[in-house]
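These protein sequence lines map, in sequence, to chains F and Z.
Numbering follows this note's numbering, with no gaps: position 82 of the first sequence is 104.
Numbering follows this note's numbering, with no gaps: position 136 of the second sequence is 158.
Protein chains: 2
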Amino acid sequence: MKFFEDIAAVDRVELGRHTFTADDIKAFARRYDPQSFHVDEEAAARSHFGALVASGWHTAAVWMRLLVEHHRREADAMRARGEPVAELGPSPGFRELKWLKPVYIGDTVAYATEVVETRASNSRPLWGLMTIRNSGVNQKDEPVISFISTAFVQRRGPPKDKP
Amino acid sequence: MKFFEDIAAVDRVELGRHTFTADDIKAFARRYDPQSFHVDEEAAARSHFGALVASGWHTAAVWMRLLVEHHRREADAMRARGEPVAELGPSPGFRELKWLKPVYIGDTVAYATEVVETRASNSRPLWGLMTIRNSGVNQKDEPVISFISTAFVQRRGPPKDKP
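In C-alpha cells, the structure reads:
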C-alpha cells in the first residue's frame with residue numbers, strides 16, 4: 023500500500039479479471055447465498071435470470087480479493103525498491119452498491135478502482151481516509167457492479183504543526 | 023416469501039444468530055479477503071485490531087445466508103398451510119453499509135431486518151419493491167454492521183386498472 027500522502031485523487035488502478043465458473047458460483051452461493059438461481063442450473067433456467075448467475079455478494083467479494091492481491095503486489099514492488107510500505111487500515115463501510123447486470127457462467131469481470139477523494143482523519147492523526155469508486159465490467163463492456171468505499175490509509179508521519 | 027401486498031412497512035424479523043469461529047473467519051478470508059488480520063492470528067495480534075477479526079464482507083455474507091434461510095422457513099410454513107408462495111426477485115443493490123465494530127473470534131452476531139418502505143415497481147407491473155434496513159448486533163449488544171437494501175418481491179397479481 024502507498025502512503026496516504028502519495029495517493030492522488032485521480033489514481034485509477036486496473037485490479038485484474040475474474041472468470042466466474044459454475045463451480046465457483048455454486049461454491050460461494052451454497053455457503054452464503056443459497057438461492058436456487060445461484061446453486062441450481064435447472065431452477066435458474068426457470069427463474070427471471072434464465073440461467074445460473076453469481077450471487078451479488080460473490081461479485082463484490084471477488085473485488086475484495088483482487089484489491090488485496092493488488093496491494094500485495096504493490097507492497098512487494100515497494101519492498102524490492104527498498105521503500106517503506108504503508109498499512110491499509112479498516113474500512114468504515116461502503117455506499118451506493120449497485121448490481122447493474124447479472125453475472126452468468128463464463129462471464130469475465132474486469133475490476134477497477136479509482137480514488138475520488140483523500141482527506142486527513144480528524145480522530146486518528148496517523149491515518150488518512152481515501153474514498154474510492156469501484157467497478158466491475160463484463161467481457162461485453164457492460165458494467166455489472168459499482169460501489170463507493172472508504173478506507174483508512176497510513177500516513178508517512180503525523181501532520182506537522184503550523185509554525 | 024410473502025407477497026408484496028402482505029408486507030407492511032413495520033415488519034421486523036429476527037433472522038437468527040451466527041458465531042464466528044476462527045476456522046470460519048479464515049476460510050472466508052483465504053478465499054475472498056486474505057488480509058493478514060483476517061487469516062493469521064499472530065499478525066492480527068500486531069495489527070490495529072489486536073486479534074483476528076472477520077472480513078466485513080463475511081459479516082455481510084452471513085446476513086445473506088440467514089435471510090435466505092428465513093425465507094425458506096417462511097415458504098415451507100406457507101406451503102404447509104396450503105398458501106401460495108411469492109418469489110423474492112433480484113436486488114438492485116445496497117446503500118450505507120457500515121461496519122461499526124470489528125467481529126472477533128467467538129463473537130455471536132444476531133441479525134435482524136426491518137421493512138422501511140414498500141412501493142410498486144414502475145417498470146415491472148408484476149413486482150413490487152421493498153426497502154429493508156438490516157443490522158447485526160454482537161453478544162454485548164453492540165451494532166457491528168448495518169445497511170439498507172432494496173429487492174423486488176412478487177405481487178399477487180398485476181395492479182388493478184382504475185374503473
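For every residue, glycine included, the Cβ atom is placed at its ideal position computed from N, Cα and C.
Note that this is a predicted model, so its numbers are computed, not measured.
According to DSSP, residue pairing for Lys120 of chain Z in a beta bridge involves F:Gly115 and Z:Ser168. The closest CA to that of Ser58 of chain Z, considering only Z:Ala49, Z:Ser69 and Z:Phe50, is found on Z:Ser69. With respect to the C-alpha of Ile29 of chain F, the residue from F:Lys120, F:Asp45, F:Tyr54 and F:Leu110 having the closest C-alpha is F:Leu110.
By the CB criterion at 8 Å, Thr153 of chain F and Glu139 of chain F fall inside the cutoff.
A contact between stretches requires three or more CB pairs, one per stretch, nearer than 8 Å, and the stretch 152-167 of chain F fails this requirement with the stretch 39-50 of chain Z. Partner residues in a beta bridge of Ile47 of chain F, as assigned by DSSP, do not exist.
Straight through space, the alpha carbons of Gly104 of chain F and Ala97 of chain F are spaced by roughly 10 Å. Taking 9 Å as the upper bound on Cβ-Cβ separation, chain Z lies near residues Val90, Glu91, His93, Arg94, Glu109, Leu110, Gly111, Pro112, Ser113, Pro114, Gly115 and Phe116 of the stretch 90-116 of chain F. Gly72 of chain F and Met100 of chain F have their C-alpha atoms roughly 46 Å apart.
Proximity of the stretch 71-90 of chain Z to the stretch 162-170 of chain F falls short of the contact definition, fewer than three beta-carbon pairs being nearer than 8 Å. Residues of the same chain with their beta carbon placed closer than 6 Å to that of Arg53 of chain Z are lacking, with the five preceding and five following residues left out of the count.
Linking Ser157 of chain Z to Ala132 of chain F through their CA atoms gives a straight-line distance of about 31 Å. Neighbours of Leu119 of chain F in chain Z, taken as residues at a C-beta separation under 8 Å, are given in chain order as Gly115, Phe116, Arg117 and Leu119.
Ala142 of chain Z sits in a strand when the DSSP states are folded into three classes. The alpha-carbon of Ala49 of chain Z is positioned some 22 Å away from that of Gly115 of chain F. The residue from F:Pro106, F:Val166, F:His40 and F:Val107 with its alpha-carbon nearest to that of Pro124 of chain F is F:Val166. Inclusion of Ser77 of chain F and Asp62 of chain F in the CB contact set at 8 Å is not warranted, their separation being larger than that value. Comparing C-alpha distances from Arg146 of chain F to each of F:Val175, F:Pro106, F:Gln161 and F:Ala65 shows the shortest one belongs to F:Val175. For Asp33 of chain Z against Val107 of chain Z, the beta-carbon gap comes to about 17 Å, at or over 8 Å, which does not count as contact. Residues are counted here when their Cβ sits less than 7 Å from a Cβ of chain Z; for the stretch 131-143 of chain F the count is zero.
Here Ile154 of chain Z is bridged, per DSSP, to Z:Val137 and Z:Ser171.
Tyr54 of chain Z belongs to the set of residues whose beta carbon lies under 8 Å from a beta carbon in chain F. Residues of chain F whose Cβ lies closer than 8 Å to the Cβ of Met86 of chain Z are, in chain order, Tyr54, Asp55, Ser77 and Trp79. Burial check for Ala65 of chain F: the Cβ neighbour count within 10 Å stays below 16, so the residue is exposed. Under the Cβ distance rule, Ala82 of chain F counts among the residues neighbouring chain Z, one pair being separated by less than 8 Å.
Relative to the Cα of Arg87 of chain F, the nearest Cα in the group F:Glu164, F:Leu37, F:Phe26 and F:Leu119 belongs to F:Leu37.
Between His40 of chain Z and chain F, the shortest Cβ-Cβ separation is not below 8 Å. Relative to the Cα of Val75 of chain Z, the nearest Cα in the group Z:Gly128, Z:Asp163, Z:His60 and Z:Ala31 belongs to Z:His60. Secondary-structure assignment with DSSP links Glu36 of chain F through a beta bridge to F:Ala134.
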